[in-house]
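Trainee:
Number of protein chains: 2
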Amino acid sequence: MALEHAILVSLTERAGSGYELAHRFDRSIGFFWPATHQQIYRVLRRMDEAGWVTHTEVAQEGRPDKKVYQVSATGRDELARWLAEPVDPAVLRDGLAVKIRGASLGDTAAVLREVVRHRGEHAALLEVYRGIQRRDFPKPAKLSGRELHQYLVLRGGIRAEESFLAWCDEVIEALRSEQS
Amino acid sequence: MALEHAILVSLTERAGSGYELAHRFDRSIGFFWPATHQQIYRVLRRMDEAGWVTHTEVAQEGRPDKKVYQVSATGRDELARWLAEPVDPAVLRDGLAVKIRGASLGDTAAVLREVVRHRGEHAALLEVYRGIQRRDFPKPAKLSGRELHQYLVLRGGIRAEESFLAWCDEVIEALRSEQS
DNA sequence: TCTAGCTATGCAACTCGTTGCACTGCACCT
DNA sequence: AGGTGCAGTGCAACGAGTTGCATAGCTAGA
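Note that the protein sequences, when read in sequence, are chains A and B.
The first sequence begins at 1 in the working numbering and counts up by one.
The second sequence begins at 1 in the working numbering and counts up by one.
#1: Going straight from the alpha carbon of A:V58 to that of A:R27, what length do you get?
#2: Is it the case that the Cβ atoms of B:P34 and A:V91 are separated by a distance below 8 angstroms?
#3: Fully enclosed by the segment 93 to 143 of chain A, which alpha helix (DSSP H) runs are 4 residues long or longer?
#4: Check whether the Cβ of A:P86 lies closer than 8 angstroms to any Cβ atom in chain B.
#5: For A:Q150, return the contacting residues in chain B, with the cut-off set at a CB-CB distance below 8 angstroms.
#6: Look at the alpha carbon of A:E4 and the alpha carbon of A:H149, and state the distance between them as a whole number of angstroms.
#7: Reducing DSSP to helix, strand and coil, say where B:G51 ends up.
#8: Find the nearest neighbour of A:L183 within the set B:H23, B:G157, B:Y19 and B:P89, judged by alpha-carbon distance.
#9: Between the Cα of A:V171 and the Cα atoms of B:L152, B:A166 and B:A160, which residue gives the shortest distance?
#10: Within 10 angstroms of the Cβ of A:V43, are there 16 or more other Cβ atoms? Answer buried if so, exposed if not.
#11: Hey, is the segment 71 to 80 of chain A in contact with the segment 46 to 54 of chain A, meaning 3+ C-beta pairs nearer than 8 angstroms?
#12: Determine the direct distance from the alpha carbon of B:K67 to that of A:P64, and round the result to whole angstroms.
#13: Out of B:F32, B:S17, B:Q60 and B:A110, which one is the CA nearest neighbour of B:A2?
#14: Just verifying my parser: in three-state terms, what is the DSSP assignment at B:T56?
#15: Please state whether the Cβ-Cβ distance between B:L96 and A:V9 is less than 8 angstroms.
#16: I want to see whether chain B comes within less than 8 angstroms of A:E170, judged by CB atoms only; does it?
#17: Compare the beta carbon distance of A:R159 and B:W167 with 8 angstroms and say whether it is the shorter of the two.
#18: Once you ignore the five residues that flank B:Y129 on each side, which residues in its own chain have a CB closer than 7 angstroms to its CB?
#19: Measuring CB to CB, does A:T185 end up less than 8 angstroms from A:L79?
#20: Would you give the residue range spanned by the beta strand (DSSP E) that A:V171 belongs to?
#21: If you measure from the beta carbon of B:I29 to each beta carbon in chain A, is any gap under 8 angstroms?
#22: So, is B:H118 buried or exposed, given that buried needs 16 or more other C-beta atoms within 10 angstroms?
#23: In its own chain, which residues sit with a C-beta less than 8 angstroms from the C-beta of B:Y184, not counting the 5 before and 5 after it?
#24: By Cβ distance, which residues of its chain are closer than 6 angstroms to B:R24, with the 5 residues on each side in sequence left out?
#25: For chain B, is any of its Cβ atoms less than 8 angstroms away from the one on A:R63?
#26: Scan the segment 101 to 121 of chain A for residues whose Cβ lies nearer than 8 angstroms to a Cβ of chain B and list them as they occur along the chain.
#27: Can you tell me where the beta strand (DSSP E) with B:V9 in it begins and where it stops?
#28: Do A:A22 and A:I40 have their C-beta atoms within less than 8 angstroms of each other?
#29: Look at the Cβ atom of B:A111, then the Cβ atom of A:E114, and state whether they are nearer than 8 angstroms.
#30: Closer than 8 angstroms, CB to CB, is B:E178 near chain A or not?
#31: Compare the beta carbon distance of A:L83 and B:D169 with 8 angstroms and say whether it is the shorter of the two.
#32: Using the three-state DSSP reduction, which class does A:V68 fall into: helix, strand or coil?
#33: Would B:I29 and A:V98 be called neighbours here (beta carbons separated by less than 8 angstroms)?
#34: Let me see if you follow: with CB-CB separation under 8 angstroms, is A:F32 close to chain B or not?
#35: Please check if any C-beta of chain A sits within less than 8 angstroms of the C-beta of B:V128.
#36: Is the CB of A:T36 under 8 angstroms away from at least one CB in chain B?
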């Protein structure tokens with residue numbers, strides 16, 4: 001549904017190959033719309049056939065040739081059309097929540113350890129986000145246009161992680177005092 | 001991967017038919033692990049073949065017969081096994097974030113309207129969560145066991161929605177002042 | 001009376017996303 | 001000399017999830 005559009009957004013900012021896009025997805029837009037290289041290659045081909053992007057084969061020395069994609073006028077129209085259309089709300093699908101809900105049907109201590117582990121992973125992700133914020137947006141008050149919008153999305157990630165961490169702490173405390 | 005286990009958790013709490021489960025999913029566990037009736041029917045059949053659940057056909061008057069499923073010993077073992085095993089972290093996939101990031105490539109005002117609309121939907125969901133909290137968990141300090149765990153998961157939903165709303169407000173304010 | 005909605009289950013076809021693998025050549029480490 | 005990792009594209013198979021439809025009788029409202 002919308003991987004196409006996430007790619008259009010990313011390619012409009014800068015042209016690139018499938019491989020390169022896959023890496024961009026790992027570091028920025030993919031925090032909010034994850035995709036593997038396989039998916040990206042397949043969708044790029046479809047978009048190419050639909051005329052939303054065009055590609056140029058670029059020969060390289062010492063490494064494989066690549067196809068650099070860029071957004072066509074049709075692609076820009078499609079992106080504008082999509083931007084004006086309503087989006088479905090994001091759905092959560094959280095296995096950890098299911099586990100917590102079922103904790104008393106198994107080893108509660110193991111579930112608690114899982115919560116602690118997830119807390120750690122999310123804390124690390126939050127640090128990544130904060131690093132990006134410090135590096136790329138040191139003065140948020142002065143932002144506008146594309147940079148402002150990138151910053152706002154990052155803020156969403158930061159807020160989501162902060163709230164997840166706070167939740168983990170609440171859960172950890174409650175499960176610990178229940179056990180003792 | 002884990003719909004099976006979400007169903008096991010729900011069925012352990014109370015036996016039920018596929019139809020009934022689908023409704024439970026719409027109102028409780030499905031907030032964190034959404035599923036359609038189709039998926040539930042298919043997975044229930046698979047679980048039945050695997051021996052994790054058993055079913056009893058119940059004839060009814062004035063309405064179709066139903067199959068009431070309940071968790072078998074094997075199913076309880078499987079659930080305990082899964083509870084002790086690590087879960088993958090939840091992935092976000094948020095079309096709204098992609099839109100905000102691409103806002104300057106289309107109609108920013110339309111994107112802003114979308115953010116406002118999502119804010120409304122999430123505010124409504126938050127009210128649903130708070131209603132459940134008031135009704136089912138008026139005295140959270142006294143909870144333990146299954147009820148405590150249900151409460152904690154609900155807390156996660158409340159926190160996530162609160163933080164989403166705060167983000168929407170930040171985005172709305174920033175986009176509005178950018179436009180004027 | 002006609003329409004709509006609830007209860008109840010299920011098939012078929014489809015899209016979306018994941019996983020494992022394949023091929024090439026270079027660079028770097030041990 | 002051998003393993004690992006990067007750059008680059010891609011196929012094939014699978015699993016998960018969605019959508020549309022079918023069937024059937026009951027109930028409640030316009």
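C-beta: ideal position from N, C-alpha, C; glycine also.
Mentor: In short:
#1: The straight-line gap from Cα to Cα measures roughly 24 angstroms.
#2: Taking 8 angstroms as the Cβ cut-off, B:P34 and A:V91 qualify as a contacting pair.
#3: Taking only runs of at least 4 residues, the alpha helix (DSSP H) segments lying wholly in the segment 93 to 143 of chain A are 95 to 101 and 108 to 136.
#4: So yes, A:P86 belongs to the interface.
#5: Per Cβ cutoff of 8 angstroms: R101.
#6: For A:E4 and A:H149, the distance between alpha carbons rounds to 19 angstroms.
#7: In the structure shown, B:G51 sits in coil (DSSP, three-state: anything other than H, G, I, E or B).
#8: What is shown of chain A runs 1 to 180, which leaves residue 183 of chain A out entirely.
#9: Minimum Cα distance to A:V171 is reached at B:L152.
#10: It counts as buried.
#11: Yes: at least three Cβ pairs fall under 8 angstroms.
#12: The straight-line gap from Cα to Cα measures roughly 58 angstroms.
#13: If we check each option's Cα against that of B:A2, B:F32 comes out closest.
#14: In this structure, B:T56 counts as strand in the three-state DSSP scheme.
#15: Contact flag unset, no.
#16: Judged by the 8 angstroms Cβ criterion, A:E170 is in contact with chain B.
#17: Going by C-beta atoms, A:R159 is nearer than 8 angstroms to B:W167.
#18: Excluding positions up to five away in sequence, the list reads L154, G157, I158 and E161.
#19: This structure cannot speak to residue 185 of chain A, because chain A is shown only from 1 to 180.
#20: For A:V171, there is no enclosing beta strand (DSSP E); the enclosing alpha helix (DSSP H) covers residues G145 to Q179.
#21: Chain A, which has a Cβ nearer than 8 angstroms to the Cβ of B:I29, makes this yes.
#22: Counting C-beta atoms within 10 angstroms of its own C-beta, B:H118 has 16 or more neighbours from the protein chains shown and is therefore classed as buried.
#23: Any answer about residue 184 of chain B is impossible in this case: the structure gives chain B only from 1 up to 180.
#24: Once the five neighbours on either side are set aside, the close Cβ partners of B:R24 are S10.
#25: So, not an interface residue.
#26: Using a CB distance below 8 angstroms, the part of the segment 101 to 121 of chain A facing chain B consists of R101, G102, A103, S104, L105, G106, D107, A110, V111, E114, R117, H118 and E121, ordered along the chain.
#27: For B:V9, no beta strand (DSSP E) encloses it; the enclosing alpha helix (DSSP H) starts and ends at L3 to E13.
#28: Yes.
#29: Here residue 111 of chain B is Val; the residue named in the question, Ala, does not match the sequence. With respect to the 8 angstroms criterion, B:V111 and A:E114 are not classified as neighbours on the basis of their beta carbons.
#30: Answer yes: the Cβ-Cβ gap between B:E178 and chain A drops below 8 angstroms somewhere.
#31: Contact: no.
#32: A:V68: strand per DSSP, three-state reduction.
#33: Using a Cβ distance threshold of 8 angstroms, B:I29 and A:V98 count as a contacting pair.
#34: So yes, A:F32 belongs to the interface.
#35: Cβ-Cβ to chain A under 8 angstroms: no for B:V128.
#36: Nearest CB-CB separation between A:T36 and chain B: not below the 8 angstroms threshold.
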